[in-house]
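Visitor:
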Amino acid sequence: MDMLNDPALDAFQAEVRAFLESALPDDLHGAASRATSVFIDPAVTLPWQRILNARGWAAPDWPAEFGGPGWDEMQRYIFAAECARAGAPGLAPMGLKMVAPVIMHYGTAEQRAHYLPRILSGEDYWCQGFSEPGAGSDLAALQLRAIADGDDYVLNGSKIWTTHAHFANRMFALVRTSSQGKPQAGISFLLLDMASPGITIEPILTLAGDHEFNQIFFDDVRVPQANRLGGENEGWSVAKHLLTFERGGRYAPSLIERLERLRTPPISDPVLRARIDREAINLTALQALELKAMRGVGSNPALYASALKILGTETAQRIDVLACEMAGHDAWAEADGQTAPGVAVAVPRYLNDRAASIYAGSNEIQRDLIARLILG
Ligand SMILES: Cc1cc2nc3c(=O)[nH]c(=O)nc-3n(C[C@H](O)[C@H](O)[C@H](O)COP(=O)(O)OP(=O)(O)OC[C@H]3O[C@@H](n4cnc5c(N)ncnc54)[C@H](O)[C@@H]3O)c2cc1C
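Mapping to my numbering: the sequence shown position 58 is 67, numbers consecutive.
Structural data, given as C-alpha cells:
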C-alpha cells in the first residue's frame, strides 16, 4: 500500500516489511504465487505460522487478551498487504479465522484456555463440518444426528466437501440434536477430535485433480457434551456468527499482487493492457470497500461479508481468465524448470478458482442474502 501518508503507519509498514525480509524462509518466498489454491498444504503453512507465532503475529485479527498483537484495522490491513507483497503463504483460515472468533465469543473459560493457544501454535489443525450431501445452500436441512447418551453425544451421518479433513486433528461441526420446530432450531455446534473411533475420511478430487476436500462418515462417534459450543439447539446462531468471518475478509491485497505479476514481462497489446488496468481499478474500489468494512463504516457486517465475498471471488476468476489467455498454449504445457511460474500455475489456478464462487456459500446465495438485508 503506497498511500498511507501517516508517519506512524509508514513506520509500522517498514517494520513489517523488514521482518518479512528477514524471517520468511527462502523456500517460502513466493509460495503464494506458486500456490494453485487458497488452501495451501499445512506442510507449507505451518512452519510459517510457527515463525509468525514466535513474533506474536500469527493472528492479526485476535484481541491482545487472547494472544493477538492488538493492532488496529489499518495495521491489520497493512500486514495483509505486506504478506501478499512478499508472497508469503496464506495460513489456513479454519482455525485462526473461523472457529477461533466463535470460541472467543461463545466458549466457556475452559474451552478458550484449551483451544485458543493450540490454534495459535498450530498444534490443532481444524476442518469445517457444515455441508452434507443433502445440505449445502440449504444448510439448515442438515441431518447428522447427535443423540445424547450419558455425558456424550453419539453421532451418525455424513459431512461432505470437508476441506483439509485429511490433515486436521479437529473439526467444528453442526449436528442435529432435535427435529422439533424450525430446522434451524434443532442444531448444535460441536468441537470434535478427528481421531475419535468411528470417523472415516474418503477423499474427493477437485476438477484440477487435487486432493483438497473429503467426505466424512460418522458411525456411532462419541463426542463429550462438554465439547459443545453454546447451548444445545443453539448452534445456528454460532454458525451465522462464524460465517461472517468465513465470507468477509481481505481479498484485495493478494489479488493486487497477482494482477501486477501479469504485467511482467511488459505487455505490448493495448487491449490486454486496458483489461488489466480495468481490473486494477476494480481492485482499488474493492480495497476501499474492505477498509470501510474493517472500520465498521455504514453498514451491517453480514452485508459487507456477502458483498466482499462476491466481489473478491469474481475478480479472482476474471484474473484467472486473463492469466490463461496471456499464457496461451504455454499454459497447457507440462511445467518444467524453464516455465515461468505464472504460466505454470495459470490453468490449475483457473480450475481451482471455479470453486471460489461456490464455497463459503455460493455467490447466488450471497446475492439473495444482500437482497433480503436491503429489501427486507
Ligand atoms: C472448494 C470447496 C471447499 C469447500 N469446503 C467446505 C468445508 O470445508 N466445509 C463445509 O462444510 N463445506 C465446504 N464446502 C461446501 C460449500 O459450502 C457448498 O458447496 C456450498 O454451500 C453450496 O452447496 P452445494 O454444493 O450443496 O450446492 P447446492 O446448494 O446444491 O446448490 C447448487 C446450485 O444451486 C444454486 N442455488 C441453491 N439454492 C439457491 C437459491 N435459494 N437461490 C439461488 N440459487 C440457489 C447454488 O448457487 C448453486 O449454484 C466447500 C465447497 C467447495 C466448492
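The C-beta atom is built at its ideal place from N, Cα and C for all residues, glycine as well.
Since this is a predicted model, take the numbers as computed values, not measurements.
Grouping DSSP H, G and I as helix and E and B as strand, with all else coil, what is G145?
Guide: Stepping through the sequence shown from its first residue, residue 145 is reached at position 136. Looking at G145 - three-state DSSP - the assignment turns out to be coil, as it is neither helix nor strand.
Visitor: With DSSP collapsed to three states, give me the class of G195.
Guide: For the purposes of this step, residue 195 is identified with residue 186 of the sequence shown, where counting begins at 1. In this structure, G195 counts as helix in the three-state DSSP scheme.
Visitor: Does P275 pass the burial test, meaning 16 or more other C-beta atoms within 10 Å, or should it be called exposed?
Guide: Indexing the sequence shown from 1 puts residue 275 at position 266. Exposed, because fewer than 16 other Cβ atoms sit within 10 Å of the Cβ of P275.
Visitor: For ligand 1, is there a heavy atom less than 7 Å away from the beta-carbon of G470?
Guide: Residue 470 is absent from the structure shown; the chain starts at 10 and stops at 385.
Visitor: Please report the straight-line C-alpha distance between A289 and S263, rounded to a whole angstrom.
Guide: The residue labelled residue 289 in the question sits at position 280 within the sequence shown. The residue labelled residue 263 in the question sits at position 254 within the sequence shown. Those two C-alpha atoms are separated by around 12 Å.
Visitor: DSSP state of H114, grouped into three classes?
Guide: Counting from one through the sequence shown, the residue named residue 114 turns up at place 105. Residue state, collapsed to three classes: helix.
Visitor: Within the same chain, show all residues whose beta-carbon is closer than 8 Å to that of E323, passing over the 5 residues directly before and after it, in chain order.
Guide: Counting from 1 along the sequence shown, the entry for residue 323 is found at position 314. So the list reads S366, N372, once near-sequence residues are dropped.
Visitor: P78 to S130, Cα distance in whole Å?
Guide: Along the sequence shown, one-based indexing puts residue 78 at 69. Along the sequence shown, one-based indexing puts residue 130 at 121. Taking the straight line from one Cα to the other gives about 14 Å.
Visitor: For D228, would you say it is in contact with chain B, using Cβ-to-Cβ distances shorter than 8 Å as the test?
Guide: The chain labelled as chain B is not found in the depicted structure, where only one protein chain is given.
Visitor: Contact defined as beta carbons within less than 8 Å: I believe W170 pairs with S140. What is the distance between those atoms, to the nearest angstrom?
Guide: For the purposes of this step, residue 170 is taken as residue 161 along the sequence shown, with counting starting at 1. For the purposes of this step, residue 140 is taken as residue 131 along the sequence shown, with counting starting at 1. Right, their Cβ atoms sit about 5 Å apart.
Visitor: Span of the beta strand (DSSP E) holding D15?
Guide: Working through the sequence shown from its first residue, we reach residue 15 at position 6. In the DSSP assignment, D15 falls outside any beta strand (DSSP E) and carries neither an H nor an E.
Visitor: Per DSSP, G39 forms a beta bridge with which residues?
Guide: The count along the sequence shown starts at 1 and reaches residue 39 at position 30. Beta-bridge partners of G39 (DSSP): none assigned.
Visitor: Quick check on N291: does DSSP put it in helix, strand or coil?
Guide: Counting from one through the sequence shown, the residue named residue 291 turns up at place 282. Of the three classes helix, strand and coil, the one that applies to N291 here is helix, per DSSP.
Visitor: Start and end of the alpha helix (DSSP H) containing M180?
Guide: Here residue 180 refers to the residue found at position 171 when the sequence shown is read from its first residue. Careful: M180 lies outside any alpha helix (DSSP H), inside the beta strand (DSSP E) at 179-185.
Visitor: Nearest by alpha-carbon distance to D362: which of T215, Q193, R121 is it?
Guide: Within the sequence shown, the letter at position 353 stands for residue 362. Residue T215 is the option with its Cα nearest to D362.
Visitor: State the beta-bridge partners of F222 as determined by DSSP.
Guide: Indexing the sequence shown from 1 puts residue 222 at position 213. The secondary-structure analysis by DSSP pairs F222 across a beta bridge with I213.
Visitor: Based on the DSSP output, what are the partners of S167 in its beta bridges?
Guide: Counting from one through the sequence shown, the residue named residue 167 turns up at place 158. Answer is F226.
Visitor: Less than 7 Å between the CB of Q224 and some heavy atom of ligand 1, yes or no?
Guide: Counting from 1 along the sequence shown, the entry for residue 224 is found at position 215. Not so, every heavy atom of ligand 1 lies at least 7 Å from the Cβ.
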